[in-house]
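For reference, the structure discussed in these notes is given below.
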Amino acid sequence: RIVIMTMLPLQTLLLSLVLVALSIDAFSMRMTSSSPTITTTNKSRVAIVTGASRGIGRGIAVELGNAGYTVYALGRSSRVSSSSPDGQRRVADDLELTVESAAEEITKRGGQGHAIPCDLSKDGVIEEIIERIVKEQERLDVMVCSAYTTPPDNLRGEFWNQGLDMWDAVNGVGLRQVYAACRAAAPHMIETAKNIPQKQPPLMCLVSSFGGKSYTFNVAYGVGKAAIDRLSTDMSYQLAKYGVATTALYPGLVKTEANLQMVEDGTWDEASGNLDLSQGESPEFSGRALVQLASLDKETMMERSGNVEVVAEMAKEFDFYDLDGRRPASIRSLQYLLPNFVFAQIEKEAGKPVPDWIKNNVPDVLLPWSTFSSGPPPEMDSR
Numbered sequence: 029r030i031v032i033m034t035m036l037p038l039q040t041l042l043l044s045l046v047l048v049a050l051s052i053d054a055f056s057m058r059m060t061s062s063s064p065t066i067t068t069t070n071k072s073r074v075a076i077v078t079g080a081s082r083g084i085g086r087g088i089a090v091e092l093g094n095a096g097y098t099v100y101a102l103g104r105s106s107r108v109s110s111s112s113p114d115g116q117r118r119v120a121d122d123l124e125l126t127v128e129s130a131a132e133e134i135t136k137r138g139g140q141g142h143a144i145p146c147d148l149s150k151d152g153v154i155e156e157i158i159e160r161i162v163k164e165q166e167r168l169d170v171m172v173c174s175a176y177t178t179p180p181d182n183l184r185g186e187f188w189n190q191g192l193d194m195w196d197a198v199n200g201v202g203l204r205q206v207y208a209a210c211r212a213a214a215p216h217m218i219e220t221a222k223n224i225p226q227k228q229p230p231l232m233c234l235v236s237s238f239g240g241k242s243y244t245f246n247v248a249y250g251v252g253k254a255a256i257d258r259l260s261t262d263m264s265y266q267l268a269k270y271g272v273a274t275t276a277l278y279p280g281l282v283k284t285e286a287n288l289q290m291v292e293d294g295t296w297d298e299a300s301g302n303l304d305l306s307q308g309e310s311p312e313f314s315g316r317a318l319v320q321l322a323s324l325d326k327e328t329m330m331e332r333s334g335n336v337e338v339v340a341e342m343a344k345e346f347d348f349y350d351l352d353g354r355r356p357a358s359i360r361s362l363q364y365l366l367p368n369f370v371f372a373q374i375e376k377e378a379g380k381p382v383p384d385w386i387k388n389n390v391p392d393v394l395l396p397w398s399t400f401s402s403g404p405p406p407e408m409d410s411r
């Protein structure tokens with residue numbers, strides 16, 4: 029899955045640059061530790077992660093294992109299959125991205141990993157799997173929906189020129205089966221909240237993206253991501269009285285196995301708009317954010333239930349870091365927006381470089397969601 033934010037209108041970004049100039053005197057760099065720490069014990073807690081063989085789903089599953097969870101890794105890629113499932117993007121040949129290898133890594137990290145090869149595009153599959161897991165474990169604490177099918181054609185395009193297969197690819201496993209998974213998991217999570225005393229509430233986590241807030245790729249993609257966010261919110265209203273929480277998780281630019289392969293193949297720059305993937309997040313960074321959410325006490329988590337949670341912003345709030353000791357900026361932060369979208373455009377129009385004292389001192393200031401979400405991307409902006 030490519031997680032890329034479409035450029036904001038140039039007028040908004042220029043306003044952001046003004047904010048940099050106003051903020052520069054007050055800005056000071058903070059020293060950060062290179063040793064990320066997450067301390068929690070969850071030896072009896074049970075999690076299900078869909079799409080766990082690769083990408084963000086795998087990163088979340090592994091970090092749940094690192095936190096001591098019993099994790100059921102669901103996905104299509106399996107050692108028992110001789111061929112790659114349809115719709116999967118190319119990755120390096122030496123990687124084994126299967127549910128079995130994910131389960132082994134979960135166990136290696138201190139959890140208990142269980143591999144369940146499955147095709148979630150088929151109705152009834154997720155319901156049967158959840159029933160079987162709950163029968164074995166007698167509880168369900170965390171449900172993570174990260175499975176997604178990559179469309180066969182280019183994501184970018186005008187919706188009237190894209191067939192219904194685009195909608196079905198983006199919003200089949202990515203939306204319809206997310207709803208099916210939540211619907212099947214809810215009764216068991218309600219029972220877990222009711223019958224098992226614990227400080228943390230059961231949590232449904234729906235992996236979404238900034239495409240839920242701002243135009244990205246195409247119409248079908250944006251509608252699907254906005255629907256995921258709304259699903260989290262509306263479920264939270266109905267689940268609140270039962271003590272079950274929900275969240276929509278926003279990773280940033282993610283160094284998934286497939287994205288890294290695009291860099292190797294020389295196709296990344298065109299597909300991403302020349303974004304610097306080396307500054308992106310690891311899949312495990314999303315996992316660390318999810319572990320923090322699942323560790324919150326009931327009162328705190330229920331107050332946040334239904335919200336969008338940005339991985340990079342959670343890292344600042346809860347003081348954790350990525351695998352390399354960095355803390356990547358949120359996609360709606362000036363630290364991300366100005367280097368990736370503004371400085372090059374200003375240099376092109378002005379004919380001279382942006383001064384280093386500005387480039388090197390961009391503050392980590394977040395654009396309000398209302399500003400971030402406003403207006404079309406620059407190539408469609410006629411103002």
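The opening position of the sequence shown corresponds to residue 29 in the working numbering, with each subsequent residue numbered one higher. Ideal Cβ positions, reconstructed from N, Cα and C, are used throughout, including at glycine. Owing to the predicted nature of the structure, the values given are computational and were not obtained by experimental measurement.
Which of the three DSSP states, helix, strand or coil, is assigned to residue i?
| i | result |
| --- | --- |
| Gln228 | coil |
| Gly103 | strand |
| Pro145 | strand |
| Ser361 | strand |
| Gln39 | Because Gln39 sits at a pLDDT of 45, beneath the cut-off of 50, its placement in the model cannot be relied upon, and the following sentence gives the value as read from the coordinates. If DSSP states are grouped into helix, strand and coil, Gln39 belongs with the helices. |
| Thr275 | strand |
| Thr98 | strand |
| Gln320 | helix |
| Val291 | helix |
| Leu394 | strand |
| Leu234 | strand |
| Val282 | strand |
Could you tell me if residue i is buried or exposed, where buried requires 16 or more neighbouring beta carbons within 10 angstroms of its beta carbon?
| i | result |
| --- | --- |
| Arg82 | buried |
| Ala378 | exposed |
| Ala95 | buried |
| Asn434 | As displayed, the chain neither begins before 29 nor continues past 411, which places residue 434 out of reach and without an answer. |
| Lys163 | exposed |
| Pro230 | buried |
| Trp385 | exposed |
| Ile228 | According to the sequence as given, residue 228 is Gln; it is not Ile. With 16 or more other Cβ atoms within 10 Å, it is buried. |
| Asp257 | buried |
| Glu298 | exposed |
| Met35 | Any reading at Met35 needs caution, since the residue's pLDDT is 43, under 50, leaving its predicted position unreliable; the model's value is listed next. Label assigned to Met35: buried. |
| Ser242 | buried |
Taking 9 Å as the cut-off, decide whether the C-beta atoms of residue i and residue j are in contact.
| i | j | result |
| --- | --- | --- |
| Ile154 | Gln205 | yes |
| Trp195 | Ala248 | yes |
| Leu234 | Leu277 | yes |
| Val127 | Leu102 | yes |
Relative to the alpha-carbon of residue i, which residue among the options has its alpha-carbon at the smallest distance?
| i | options | result |
| --- | --- | --- |
| Asn223 | Tyr270, Phe245 and Glu345 | Tyr270 |
| Gln373 | Asn302, Gly315, Arg211 and Ala322 | Asn302 |
| Asn389 | Glu292, Ser306 and Pro367 | Pro367 |
| Val272 | Gly315, Tyr278 and Ala214 | Ala214 |
| Asp121 | Gln289, Leu394 and Gln140 | Gln289 |
| Glu341 | Leu321, Asp325, Glu327 and Gly334 | Leu321 |
| Thr220 | Gln165, Phe238, Gly240 and Thr178 | Gln165 |
| Ile76 | Thr244, Lys376 and Leu318 | Leu318 |
| Arg316 | Gly85, Val74 and Glu292 | Gly85 |
Hey, could you find the ends of the beta strand (DSSP E) residue i is sitting in?
| i | result |
| --- | --- |
| Thr16 | Given a span of 29 to 411 for the chain in the structure shown, any question on residue 16 remains unanswerable. |
| Val172 | Val170 to Cys173 |
Taking the alpha helix (DSSP H) that residue i belongs to, which residues open and close that run?
| i | result |
| --- | --- |
| Val338 | Where Val338 is concerned, there is no enclosing alpha helix (DSSP H), although the beta strand (DSSP E) it sits in stretches over Val336 to Val338. |
| Val198 | Leu192 to Asn199 |
| Gln307 | Neither: Gln307 is in no alpha helix (DSSP H) and is coded neither H nor E. |
| Tyr265 | Val247 to Leu267 |
| Pro215 | Gln205 to Asn223 |
| Ser129 | Val127 to Lys136 |
| Arg160 | Val153 to Gln165 |
Does the beta carbon of residue i fall short of 8 Å from some heavy atom of the ligand PLP?
| i | result |
| --- | --- |
| Pro225 | Here there are no bound small molecules, and the ligand PLP is not part of this structure. |
Does residue i have its Cβ less than 9 Å from a Cβ in chain B?
| i | result |
| --- | --- |
| Gly185 | Given the protein chain composition of this structure (a single chain), no chain B is represented. |
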